Structure formats: structure tokens, C-alpha cells
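Below is one structure, written out as C-alpha cells; the observations come after it.
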Amino acid sequence: MIDTHSHVYEEEMPNYKEIIEECKNKDISMIINGVDNKSNKEIVDLANEYDNVYPAIGLNYDQIDYFDDKDLEDLEELIKSNNVVALGEIGLDYYWTKENSEKQVYFFKKQLELAKKYDLPVIVHSRKASQEVFDIIKESGVRKGSMHCYSGSVEMAKEFIKLGFKIGIDGPITYSNNVKGIELVKEIPLEYLLLETDSPYLAPEPNRGLQNSPLNLIYIAEKIAEIKGISADEVIEKATKNAKELFNL
Ligand SMILES: [Zn+2]
2 MIDTHSHVYE EEMPNYKEII EECKNKDISM IINGVDNKSN KEIVDLANEY DNVYPAIGLN
62 YDQIDYFDDK DLEDLEELIK SNNVVALGEI GLDYYWTKEN SEKQVYFFKK QLELAKKYDL
122 PVIVHSRKAS QEVFDIIKES GVRKGSMHCY SGSVEMAKEF IKLGFKIGID GPITYSNNVK
182 GIELVKEIPL EYLLLETDSP YLAPEPNRGL QNSPLNLIYI AEKIAEIKGI SADEVIEKAT
242 KNAKELFNL
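Counting from 1 along the sequence shown, just add 1 to a position and that's the residue number in the numbering used here.
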């Protein structure tokens with residue numbers, strides 16, 4: 002199994018090394034996503050240490066006020082000197098504030114340019130910004146990536162798929178009354194879905210409210226299987242294939 006979106010590093014999870022080792026014993030790999038160059042650096046080091054860790058690096062919205070062009074230069078250096086599998090997580094978030102939207106857009110566009118330059122997929126965070134994210138990606142020419150923890154409409158998901166993107170499904174699919182999520186999983190063929198946890202956040206049932214980890218990926222696969230009326234093994238097999246193809250693992 003491959004968790005295509007997690008934050009299993011020191012700042013987010015003090016027990017990150019135990020988790021990575023336990024996952025290794027259970028044949029679970031993970032793409033760990035950075036949010037700034039401190040976490041990005043930590044993640045590429047982890048990937049050198051553990052063969053079940055793949056690094057995705059990026060400058061994410063929540064630190065945006067502190068970033069400048071030097072961060073983009075440092076990011077590019079990290080891409081050049083390491084076996085990075087994706088630019089991520091990157092994107093736009095207008096849930097908390099729209100005041101810094103200009104700067105968010107600037108960094109999103111710059112990182113899409115880097116993805117294009119180094120022929121890497123992107124892992125995109127989008128909240129309250131679906132249409133703008135779509136327009137910016139379309140214009141950028143980037144044609145591979147994942148819409149991480151996708152929460153938009155089925156119609157929009159289909160538009161992202163047409164652009165060459167896959168749709169990340171996380172723990173909230175297991176929450177009761179997630180009508181929108183269930184509709185999405187029903188409508189979108191398995192070949193376009195990815196399994197991800199966003200650890201340490203968004204733990205699925207039956208571990209909701211606890212620290213999340215890639216060990217919980219199975220509950221997401223089981224829920225997708227239930228919705229689609231197929232076996233969890235089939236979900237895992239196809240989602241693993243999707244992840245391997247997209248991120249060239
Ligand atoms: Zn994330």
C-alpha cells in the first residue's frame with residue numbers, strides 16, 4: 002500500500018520514526034509532503050534513510066507570509082540534488098484568509114513552473130479556491146498530479162481528471178453523513194483515485210480524533226470498496242498501481 006499524502010516528520014509527529022518503521026514492517030510506503038524548506042530538507046533526508054519513504058517537497062499556503070524568492074531558489078536546489086517524486090504540497094487556501102491571495106497565487110504559479118521544468122507531478126491543496134486552482138493549473142501546462150484531500154464537486158473532479166490529474170481520498174470518506182464524498186467515490190472510476198491519509202490529521206473511523214498515520218490507510222480502502230461494491234484488495238491493488246504510475250515509483 003502507498004499513502005500518497007502524509008506529513009510523517011518530526012515537527013508534525015514526534016513518533017515519526019516508529020511509525021515509518023512499523024509501516025515498513027507492514028509493507029506500507031508513503032509519500033511525505035513538506036510545507037516549507039525546513040520540513041522539505043528533513044523529508045529528503047528521511048527518504049535517504051528509509052526505502053518506504055518518498056519525498057514530495059513544496060512551499061505551502063500556511064507559511065506563505067514568511068516566504069520570499071530565496072525559498073524558491075532553495076527549493077529548486079533540493080529538487081536538483083535529490084530524488085524528489087513530486088512538488089507538494091502546493092496550492093491555494095482561501096478558507097482562513099483571502100488577504101494574502103496574491104502571494105499565494107505567486108508561489109503556486111512559481112512552483113508549477115518548477116514542476117514543468119523538472120517534469121514532476123504536483124500534489125495540490127485546494128480549499129475554497131477550486132475554479133482558480135483549476136484555471137492556474139490549466140494555464141501552467143502541468144498535466145500530472147493529484148488533487149489532495151479533494152472536497153469539490155464531482156463535475157470539477159472530472160475536469161481535473163481531463164487535465165491529467167488524480168483524486169486523493171482521505172479519512173473523511175469514513176465519517177458518517179459524508180454524502181458528497183460517497184457520491185464522488187461512486188462516480189469517479191477507480192483508475193483515477195489515490196489513497197492518502199494526510200497524517201497526522203483526519204484520522205478515519207474507527208480512529209477518528211486520534212493521531213493519524215499511514216497505518217490507517219486500510220480503513221479508507223475498505224470504505225471505498227464498500228461504496229463501490231468491490232473487494233478492498235482490488236481497491237488497494239488499483240490505487241497502488243495509480244500511485245506508482247503517477248509518481249514514477
Ligand atoms: Zn497535507
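Yeah, the Cβ is synthetic: ideal placement off N, Cα and C, and Gly gets one too. None of these values were measured; they are calculated from a predicted model.
Here's the rule I'm using: 16 or more other beta-carbon atoms within 10 Å means buried, otherwise exposed. How should residue i be labelled?
i, result
"Glu12", "exposed"
"Ile189", "buried"
"Asn34", "buried"
"Ile20", "buried"
"Tyr96", "exposed"
"Tyr55", "buried"
"Ile231", "exposed"
"Tyr151", "buried"
"Thr175", "buried"
"Thr5", "buried"
"Gly165", "exposed"
"Thr198", "buried"
"Ser154", "exposed"
In angstroms, rounded to a whole number, what distance separates the CA positions of residue i and residue j?
i, j, result
"Ile65", "Lys104", "7 Å"
"Tyr202", "Ser177", "17 Å"
"Ile3", "Ser30", "5 Å"
"Lys229", "Ile162", "19 Å"
"Arg209", "Phe109", "31 Å"
"Glu246", "Lys145", "10 Å"
"Asn77", "Leu121", "Correcting the residue identity first, residue 77 is Glu in this sequence and not Asn. Between Glu77 and Leu121, the C-alpha separation is close to 12 Å."
"Asp75", "Ile91", "16 Å"
"Ile137", "Asn213", "31 Å"
"Val86", "Ile124", "10 Å"
"Glu223", "Leu196", "11 Å"
"Ile58", "Asn84", "11 Å"
"Asn249", "Thr241", "11 Å"
"Lys156", "Ser141", "As written in the sequence, residue 156 is Glu, which differs from the Lys given in the question. Cα to Cα, Glu156 sits roughly 21 Å from Ser141."
"Met148", "Ala244", "13 Å"
"Phe101", "Leu185", "Per the sequence shown, residue 101 should be read as Asn rather than Phe. So the alpha carbons of these two residues sit roughly 31 Å apart."
"Tyr220", "Gly172", "8 Å"
"Gln132", "Gly89", "19 Å"
"Asn49", "Asn41", "13 Å"
In the structure shown, what three-state DSSP assignment does residue i receive?
i, result
"Ser141", "helix"
"Met157", "helix"
"Val86", "coil"
"Thr241", "helix"
"Asn16", "coil"
"Pro173", "helix"
"Phe68", "coil"
"Leu93", "strand"
"Tyr107", "helix"
"Gly182", "helix"
"Ala222", "helix"
"Pro215", "helix"
"Ile29", "coil"
"Asn53", "coil"
"Val36", "coil"
"Lys167", "strand"
With distances taken from each beta carbon to the nearest heavy atom of ligand 1, which residues come in below 6 Å, in chain order?
-> His6, His8, Asn34, Glu90, Asp199
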